[in-house]
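Undergrad: Number 156 in the working numbering belongs to position 53 of the sequence shown; there are no gaps in the numbering.
All C-beta atoms, glycine included, are put in the ideal place defined by N, C-alpha and C.
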Amino acid sequence: MAFYSYLMWSPASSLQIQPGLRIPYNSKYKAPLVYSLNLKFSPGKFNLRASYARGFRTPSLKELYMEFIDQNHQVFGNDALKAETANNYNLSAGYLFGLNKHHLN
Numbered sequence: 104m105a106f107y108s109y110l111m112w113s114p115a116s117s118l119q120i121q122p123g124l125r126i127p128y129n130s131k132y133k134a135p136l137v138y139s140l141n142l143k144f145s146p147g148k149f150n151l152r153a154s155y156a157r158g159f160r161t162p163s164l165k166e167l168y169m170e171f172i173d174q175n176h177q178v179f180g181n182d183a184l185k186a187e188t189a190n191n192y193n194l195s196a197g198y199l200f201g202l203n204k205h206h207l208n
């Protein structure tokens with residue numbers, strides 16, 4: 104279960120700022136605040152985007168508790184697995200050209 108919210112803000116016609124926040128809840132793992140920030144700068148036909156997002160993932164029930172044995176496999180879950188976090192960064196540029204609004208990234 105989680106609460107999620109984001110805000111789309113345009114302080115200028117060529118600039119968009121979108122911060123986001125997720126507050127997850129998990130009864131087994133301590134869940135951190137998960138946040139993101141997206142920026143888009145579009146002067147004319149050129150655009151520049153930058154983003155950062157933090158991620159959080161808990162092990163699935165299968166990863167924790169699965170037990171599967173046959174003559175070719177022995178697969179066991181691991182209830183000592185820990186939750187994982189990640190940081191994602193992205194930067195891109197694009198240009199809009201032509202009558203049909205083709206986009207080059």
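1) Nearest by alpha-carbon distance to asparagine 141: which of Asn129, Arg160, Leu118, Phe149 is it?
2) Could you please give me the residues that DSSP links to lysine 143 through a beta bridge?
3) What number of angstroms, rounded off, separates the C-alpha of lysine 165 from the C-alpha of phenylalanine 144?
4) Report all residues from its chain with a CB closer than 7 Å to the CB of leucine 136; omit the five preceding and five following residues, and keep chain order.
5) For the alpha helix (DSSP H) containing tyrosine 168, list its first residue and its last residue.
TA: According to the data block:
1) Nearest in C-alpha terms to asparagine 141, of all of Asn129, Arg160, Leu118, Phe149, is Leu118.
2) Gln119, Arg152
3) Distance between the alpha carbons of lysine 165 and phenylalanine 144: 43 Å.
4) Leu124, Ile126
5) It spans 164 to 168 - the alpha helix (DSSP H) in which tyrosine 168 sits, taken as one unbroken run.
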